[in-house]
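For reference, the structure is listed below as structure tokens.
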Amino acid sequence: MNAVLFQPLLSKTSDSRTPKYEQLYELLREAILDGRISAGDKLPATRDLSQQLGIGRNAVITAFEMLVAEGFLETRHGAGTFVAHLEGLIPVLRRGETSTTVVKTNSLSDAMGRIDAFAAAQSDHRSGTIMLPANPPTALFPHKAWQRCTQQAARQHDYDRADLMGDQLLRQELADYLSLTRGIRCSAEQIMLTSGSLHGIAMALQVLVNPRERVLLEDRGYPGIDGALTGIGASPQIMPCDDHGVLTDHLAAYTARVMVITPSRCFPMGGTLSLERRIALLDWLYQADRWLIEDDYDSEFIFSGHSIAALQSMDRSGRVIYTGTFSRTLFPSIRTGYLVLPEALVEVFNTYRRYTEGGMPTLQQHAMGLFMQQGHYARHLRRMRKHYQTKKAQLLSFMAQHFPNLKPLETTGGMHLVFRLEGDDIAIAAGLNRAGIGARALSSYERAPLADKGIILGYAALEDEHLVRLQHALNGCLAQTTS
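Heads up: the sequence shown begins at 255 in my numbering, then just goes up one per residue.
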């Protein structure tokens, strides 16, 4: 056999991280597939080939054994090792290798096709990395306390079993915390841990909604929910809102069985749904076999007045599914959230998870449970409320001084502000993102054409230098859109 065949292996650097047996395996496999070695060709003896290549004989033996196991080579007792006869199969393998470079849309599921089309329609230019609307300052996170909790969790963790609902300690701590801070009445058994709010909402939609059904959504909101609806073949039925949330005057006209809303801090406007409207929503729920998914967005950060209890706390018939997340209160990559389920749905969701997801990783969940149990979470929230209140005032003062025509929406808390403006907010937000500022256009959250335009600016991780960049970039963007 021609020694030139093995030249690629010989030319590899001696410090290559790929083992020699794997290099030889790949080289021989490719030579068989592209026809440089033909069926029936005899390979050199392992001892001869190892000497020829300057590698250990064991590496050659291992490579040969791998190829024999896969059917590319065959050994004949007393005769040696030969390329197997794969007539008719090699052309198929060659064709397969070239056809996988492009995934055709018609080879995907209808659901993925719908999601792909939905994603292509999003008008996003989100390259900015500062002043993001939901970006907590990780420098203020108590890293040492978290590290101690993760180490303790690793020592205590049950590595053999995982509850489908999630870590028991974290669920119990959440039940106590939500009762104290949000007025929620539930047991730990009603809490299912998720990888975040969107995961929980998507799971609830999968369980409750049929293809071609409609789901009630606010006229502005997080596009991920629309993506989840698209994936199951459902569509939104839009509810008009004002600065304080859903308008409830025409609930009787809606045909949907399921509603998703953000009553505590209506996203992205930041208003709080009034008691009168909350009662109207519950009345609508009770009139028929309906469900409401409550996304308690940013309820942890209220700076003025008293926060209104969660809508779930007013529900007396078990029709509200409550969802929350730690991603905004701690750090985005924690990817831990939770659902509070009505008792009647606990076993239903357990069954869904058992046969579609199989559960969640629980080691980090247990660390989070310890973090709450030891008081670190409550202390961190108190610290961040003060910090965010200061940063909100700083941004308001800056905008009033330098951009008085951009009027802020009144809010009682949160991590971002909405500033109304005239003109193309999509273009302005895109220009700010090109300057590194992660602004969002109010229009980008529309589910129906709306007159209001504005930009959304996060202040949670605000620094003085960010305001200097914002002033320069926003002046330029406004000048371009008004010229």
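The beta-carbon is built from N, C-alpha and C at its ideal position, and this holds for glycine as well. On a predicted model such as this, the values are computed, not experimentally measured, just so you know.
Cβ neighbour criterion (16 or more within 10 Å) applied to VAL500: Counted from its first residue, the sequence shown places residue 500 at position 246. By the 10 Å Cβ count, VAL500 comes out buried.
If you draw a straight line from the C-alpha of THR267 to the C-alpha of GLY289, how long is it? In the sequence shown, counting from the first residue as 1, residue 267 sits at position 13. In the sequence shown, counting from the first residue as 1, residue 289 sits at position 35. Model confidence at THR267 stands at a pLDDT of 45, short of 50, so the residue's coordinates are unreliable; what they give is reported in the following sentence. Computed Cα separation, rounded: 26 Å.
Alpha-carbon to alpha-carbon, ALA632 and MET774: Beyond the ends of the chain as shown, which are 255 and 737, falls residue 774; an answer cannot be given.
At least three beta-carbon pairs within less than 8 Å, the stretch 416-428 to the stretch 561-574: Pairwise C-beta distances place the stretch 416-428 out of contact with the stretch 561-574, as fewer than three of them are shorter than 8 Å.
Please go through the same chain and pick out, in chain order, the residues whose beta-carbon is closer than 8 Å to the beta-carbon of PRO490, but skip the five residues on each side of it. Locating residue 490 in the sequence shown gives position 236, counting from the first residue. Within the same chain, PRO490 has close Cβ partners ARG468, VAL469, LEU470, LEU471, ASP480, LEU483, ARG701.
Can you tell which of MET446, HIS411, SER304, ARG409 has its C-alpha closest to the C-alpha of ARG425? One-based indexing of the sequence shown puts residue 425 at position 171. Closest by alpha carbon: MET446.
Residues in the same chain with beta-carbon distance under 6 Å from GLY730, minus the five sequence neighbours each way, listed in chain order, please. The residue given as residue 730 occupies position 476 in the sequence shown. Residues of the same chain with their beta carbon placed closer than 6 Å to that of GLY730 are lacking, with the five preceding and five following residues left out of the count.
Would you mind reading off the limits of the beta strand (DSSP E) that contains PRO490? Here residue 490 refers to the residue found at position 236 when the sequence shown is read from its first residue. Its beta strand (DSSP E) spans residues 489-493.
Am I right that GLY690 and THR392 are in contact with their C-beta atoms under 8 Å? What's the rounded C-beta distance? By 1-based counting over the sequence shown, the position of residue 690 is 436. By 1-based counting over the sequence shown, the position of residue 392 is 138. Contact doesn't hold; Cβ gap of about 18 Å is too wide.
Residue from SER697, VAL722, HIS634, GLY572 with nearest C-alpha to LYS398: Stepping through the sequence shown from its first residue, residue 398 is reached at position 144. Nearest of SER697, VAL722, HIS634, GLY572 to LYS398, Cα basis: HIS634.
Those runs of the beta strand (DSSP E) which lie wholly inside the stretch 371-455 and span at least 3 residues: 445-448
With 16 as the cutoff for other CB atoms within 10 Å, does ARG330 come out buried or exposed? Indexing the sequence shown from 1 puts residue 330 at position 76. Residue environment for ARG330: exposed (fewer than 16 other C-beta atoms within 10 angstroms of its C-beta).
Can you say whether SER381 is buried or exposed, counting buried as having 16 or more other CB atoms within 10 angstroms of its CB? As a working mapping, residue 381 is identified with position 127 in the sequence shown. By the neighbour-count rule (16 or more Cβ atoms within 10 Å), SER381 is not buried but exposed.
Secondary structure at PHE625, three-state DSSP: helix, strand or coil? Stepping through the sequence shown from its first residue, residue 625 is reached at position 371. Reduced to three states, the DSSP call for PHE625 is helix.
For the alpha helix (DSSP H) that ASP718 lies in, which residues bound it at each end? As a first step, residue 718 must be located in the sequence shown, where it is residue number 464. 718-736 is the extent of the alpha helix (DSSP H) around ASP718.
Using beta-carbon positions only, say whether TYR699 and ARG474 come within less than 7 Å of one another. Here residue 699 corresponds to residue number 445 of the sequence shown, with the count starting at 1. Here residue 474 corresponds to residue number 220 of the sequence shown, with the count starting at 1. Taking 7 Å as the Cβ cut-off, TYR699 and ARG474 qualify as a contacting pair.
Simplified DSSP state of THR267, which is helix, strand or coil: Within the sequence shown, numbered from 1, the residue matching residue 267 stands at position 13. Low local confidence applies: a pLDDT of 45 at THR267 is under 50, so the model's placement there is unreliable, with the coordinate-based value given in what follows. Looking at THR267 - three-state DSSP - the assignment turns out to be coil, as it is neither helix nor strand.
Should LEU236 and GLN444 be called a contact, given that it needs their Cβ atoms to be closer than 7 Å? The chain is shown from 255 up to 737; residue 236 falls before or after that span and cannot be answered.
If I follow the unbroken beta strand (DSSP E) through PHE603, where does it start and stop? Within the sequence shown, residue 603 is the residue found at index 349, counting from 1. Looking at the DSSP string, PHE603 is not in any beta strand (DSSP E); the run it does join, the alpha helix (DSSP H), is 600-610.
Quick one: what does DSSP say LYS640 is sitting in, helix, strand or coil? On the sequence shown, position 386 is the one that residue 640 refers to. Of the three classes helix, strand and coil, the one that applies to LYS640 here is helix, per DSSP.
Does the beta-carbon of MET653 have 16 or more other beta-carbons within 10 angstroms, so that it is buried, or is it exposed? Here residue 653 is taken as the residue at index 399 of the sequence shown, counted from 1. Buried: at least 16 other Cβ atoms inside 10 Å.
Okay, do the stretch 707-727 and the stretch 674-689 touch, 3+ Cβ pairs below 8 Å being the bar? When Cβ pairs closer than 8 Å are counted between the two stretches, the stretch 707-727 is seen to touch the stretch 674-689, the count reaching three or more.
State the CB to CB distance for the pair THR666 and SER558, rounded to an integer number of angstroms; the pair is presumed to be in contact (CB under 8 Å). Residue numbering aside, residue 666 sits at position 412 when the sequence shown is read from its first letter. Residue numbering aside, residue 558 sits at position 304 when the sequence shown is read from its first letter. Correct: roughly 5 Å between the Cβ atoms.
Pairwise C-alpha distance: ASP302 and PHE336: Start at 1 with the first residue of the sequence shown, and residue 336 comes out as number 82. Start at 1 with the first residue of the sequence shown, and residue 302 comes out as number 48. Each residue's alpha carbon lies about 15 Å from the other.
Express the C-alpha separation of HIS339 and ASN389 in angstroms, rounding to a whole number. Indexing the sequence shown from 1 puts residue 389 at position 135. Indexing the sequence shown from 1 puts residue 339 at position 85. Approximately 60 Å, taken between the alpha carbons.
Quick one: grab the DSSP three-state call for ALA695. Along the sequence shown, read from residue 1 onward, the residue named residue 695 stands at position 441. Look at ALA695 here: in three-state DSSP terms it is strand.
Is it true that the CB of ALA693 sits closer than 7 Å to the CB of ALA705? Here the question's residue 705 lines up with position 451 in the sequence shown. Here the question's residue 693 lines up with position 439 in the sequence shown. Cβ atoms of ALA705 and ALA693: not closer than 7 Å.
If we call anything under 7 Å between Cβ atoms a contact, is GLY591 one with THR610? On the sequence shown, residue 591 is found 337 positions in, with the first residue counted as 1. On the sequence shown, residue 610 is found 356 positions in, with the first residue counted as 1. Against a cut-off of 7 Å, the Cβ pair of THR610 and GLY591 comes out as no contact.
Which partner residues does TYR576 have in the DSSP bridge list? In the sequence shown, the residue the question calls residue 576 occupies position 322. Per DSSP, GLU548, VAL594.
Pair within 7 Å by beta-carbon distance, LEU650 and ASP497: Locating residue 650 in the sequence shown gives position 396, counting from the first residue. Locating residue 497 in the sequence shown gives position 243, counting from the first residue. Not a contact, by the Cβ cut-off of 7 Å.
Cβ contact check for the stretch 667-675 and the stretch 362-370: 3 or more pairs under 8 Å: With the cut-off at 8 Å, the stretch 667-675 and the stretch 362-370 do not touch.
Spell out the partners DSSP gives ILE709 in its beta bridges. Walking along the sequence shown from the start, residue 709 turns up at place 455. Looking at the DSSP assignment, ILE709 forms a beta bridge with PHE673, ALA695.
Would you mind sorting PRO522 into buried or exposed? The rule is 16 or more other CB atoms within 10 Å of its CB. For this step, residue 522 is matched to residue 268 along the sequence shown. When all chains shown are included, PRO522 counts as buried.
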